[in-house]
């Protein structure tokens with residue numbers, strides 16, 4: 092009998108190292124005892140596991156098994172190490188074992204994996220932080236009792252969500268602490284180490300009570316999704332019995348009450364931009380600077396209008412100005428603009444030979460600290476800017492319009508237009524004008540690195556179609 096000793100209950104690397112040595116030494120699953128930490132074993136051989144013999148063959152396992160083992164090893168079942176090694180031992184002779192859904196070992200391991208995933212989800216949903224004042228400032232502390240060994244696996248979620256505050260999550264098995272820069276793992280703690288409440292809990296309970304909808308209450312479903320074992324950590328749980336008891340009476344009261352009459356929404360925005368017919372782009376640009384047809388003008392620096400030769404044979408239409416365009420007052424001068432110019436050059440098109448504009452003339456964004464992050468224009472914002480685009484088209488008189496991105500295609504064609512389904516085709520919209528649909532250059536900033544080169548090449552190919560069209564005129 093061989094004894095494999097692991098450093099901790101979640102020591103996957105130690106399990107993998109031991110399992111590999113056991114496999115290469117030909118030790119069957121039933122001949123291994125798995126021990127965690129300093130636990131005693133009457134069967135332990137004082138000698139370490141023997142090194143694999145020089146003639147031992149190498150072996151590989153499916154990536155699917157590695158993922159399964161990494162998850163299942165977090166389960167609390169004391170037999171998990173032996174189960175996983177038994178699966179590994181069997182995989183050597185049954186390479187398709189994991190696809191056999193009726194196999195008892197596979198089913199048991201899959202169920203462990205699912206239980207761990209559910210436990211991680213419960214931890215994400217039911218951890219409640221309470222403020223604790225310390226000399227160096229506020230620290231937010233939560234107590235949680237997971238069913239399995241999931242603290243290290245679940246903690247990165249809280250790092251992403253609460254990156255700006257210092258917090259600790261205490262559990263009986265392990266603790267996680269985020270100091271604002273790095274995540275630290277520590278030993279388990281007791282419930283007494285966590286605060287019982289803080290000043291915000293009264294406010295939170297009032298909010299929870301106000302949003303509780305008795306008409307949608309299903310007690311059995313609620314208890315299956317939020318088991319009672321978590322109630323002790325939830326400030327709102329003290330209200331649940333009372334809310335359940337009064338739900339029927341509140342529901343009847345809601346039914347008997349008069350219907351709420353929706354108040355008419357009054358907007359201060361003019362339904363259409365004020366722009367009299369003009370005969371030059373400069374005059375149209377001056378009119379557009381006073382546009383108040385939608386709320387975007389309130390936060391944008393300025394209207395960003397098109398530029399290029401008028402009349403012109405080719406017009407490129409993008410979505411909306413970005414952060415740098417909003418500050419400069421010119422289209423396509425930011426990161427997407429640099430990609431656009433590089434692709435134009437690769438396709439043999441001079442930027443100053445084409446007219447470049449956007450479907451929406453103001454920058455729509457969401458403030459994140461000092462940064463302004465792009466937001467996709469809404470339908471009514473596209474419609475509010477449509478008269479400006481229509482008059483630009485009338486003055487530029489393009490024979491070919493290149494719509495870059497879904498918003499531009501929607502604005503030019505007047506309907507939702509899937510990009511990939513229409514990309515690379517000349518669509519005739521009038522006797523004198525065609526439309527070519529392609530991606531927006533900003534799309535190339537978002538694709539994964541490994542796809543960038545291929546997607547950029549496709550974009551250049553679309554622009555080469557434009558260059559070929561120009562050459563035929």
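Residue numbers (the working numbering): 92 to 564.
Heads up, the beta-carbon is just placed ideally off N, CA and C, and yes, glycines get one too.
How long is the line joining the alpha carbons of residue i and residue j, rounded to whole angstroms?
i, j, result
"residue 371", "residue 483", "9 Å"
"residue 412", "residue 475", "15 Å"
"residue 445", "residue 396", "14 Å"
"residue 250", "residue 373", "51 Å"
"residue 269", "residue 513", "49 Å"
"residue 317", "residue 217", "8 Å"
"residue 282", "residue 120", "39 Å"
"residue 171", "residue 435", "59 Å"
"residue 461", "residue 416", "17 Å"
"residue 472", "residue 465", "14 Å"
"residue 207", "residue 157", "15 Å"
"residue 455", "residue 349", "39 Å"
"residue 408", "residue 523", "18 Å"
"residue 244", "residue 433", "43 Å"
"residue 210", "residue 542", "35 Å"
"residue 429", "residue 169", "58 Å"
"residue 438", "residue 550", "10 Å"
"residue 233", "residue 192", "39 Å"
"residue 418", "residue 463", "12 Å"
"residue 93", "residue 180", "15 Å"
"residue 569", "residue 238", "In the structure as shown, the chain starts at 92 and stops at 564, and residue 569 therefore has no counterpart that could be examined."
"residue 359", "residue 489", "Unreliable positioning characterises residue 359 in this predicted model, as indicated by a pLDDT of 49, which lies under 50. A coordinate reading is not provided."
From the DSSP output, in three-state form, read off residue i for me.
i, result
"residue 449", "strand"
"residue 386", "helix"
"residue 288", "coil"
"residue 317", "coil"
"residue 183", "coil"
"residue 378", "helix"
"residue 331", "helix"
"residue 365", "Here residue 365 scores only 44 on pLDDT, less than 50, and its place in the model should not be relied on; the value that follows carries that caveat. Residue state, collapsed to three classes: coil."
"residue 277", "strand"
"residue 141", "Legend: pLDDT at residue 141 = 47, less than 50; position of this residue unreliable, value from coordinates given subsequently. In this structure, residue 141 counts as coil in the three-state DSSP scheme."
"residue 198", "helix"
"residue 514", "strand"
"residue 282", "helix"
"residue 338", "helix"
"residue 571", "The requested residue 571 does not occur in the structure, where the chain is confined to residues 92 to 564."
"residue 236", "coil"
"residue 531", "coil"
"residue 105", "helix"
"residue 359", "For residue 359, the predicted structure reports a pLDDT of 49, less than 50, and the residue's modelled location is therefore unreliable. A value from the coordinates is still provided. DSSP places residue 359 in coil when its eight states are reduced to three."
"residue 436", "helix"
"residue 424", "coil"
"residue 94", "strand"
Can the beta-carbon of residue i be found less than 7 Å from the beta-carbon of residue j?
i, j, result
"residue 425", "residue 487", "no"
"residue 235", "residue 256", "no"
"residue 451", "residue 468", "yes"
"residue 338", "residue 427", "no"
"residue 391", "residue 453", "yes"
"residue 219", "residue 284", "no"
"residue 303", "residue 343", "no"
"residue 200", "residue 159", "yes"
"residue 240", "residue 101", "yes"
"residue 538", "residue 546", "yes"
"residue 125", "residue 173", "yes"
"residue 503", "residue 492", "yes"
"residue 296", "residue 326", "yes"
"residue 155", "residue 189", "yes"
"residue 544", "residue 440", "no"
"residue 123", "residue 113", "yes"
Whose CA, out of the options, lies closest to the CA of residue i?
i, options, result
"residue 203", "465, 386, 125 and 175", "175"
"residue 401", "382, 485 and 549", "485"
"residue 346", "336, 181 and 307", "307"
"residue 266", "272, 253 and 280", "280"
"residue 229", "244, 193, 264 and 271", "271"
"residue 117", "331, 183, 254 and 188", "183"
"residue 195", "211, 178 and 208", "178"
"residue 231", "253, 328 and 480", "253"
"residue 212", "248, 181, 185 and 193", "248"
"residue 161", "185, 103, 94 and 188", "103"
"residue 405", "167, 550, 561 and 418", "561"
"residue 150", "111, 431 and 167", "111"
"residue 152", "186, 99 and 238", "186"
"residue 494", "410, 535 and 419", "410"
At least 3 beta-carbon pairs within less than 8 Å: the region 519-531 vs the region 547-557: yes
Looking at C-beta atoms only, is the number of pairs between the region 258-275 and the region 222-236 that lie closer than 8 Å three or more? yes
For the pair the region 514-524 and the region 416-423, tell me if three or more CB-CB distances fall below 8 Å. no
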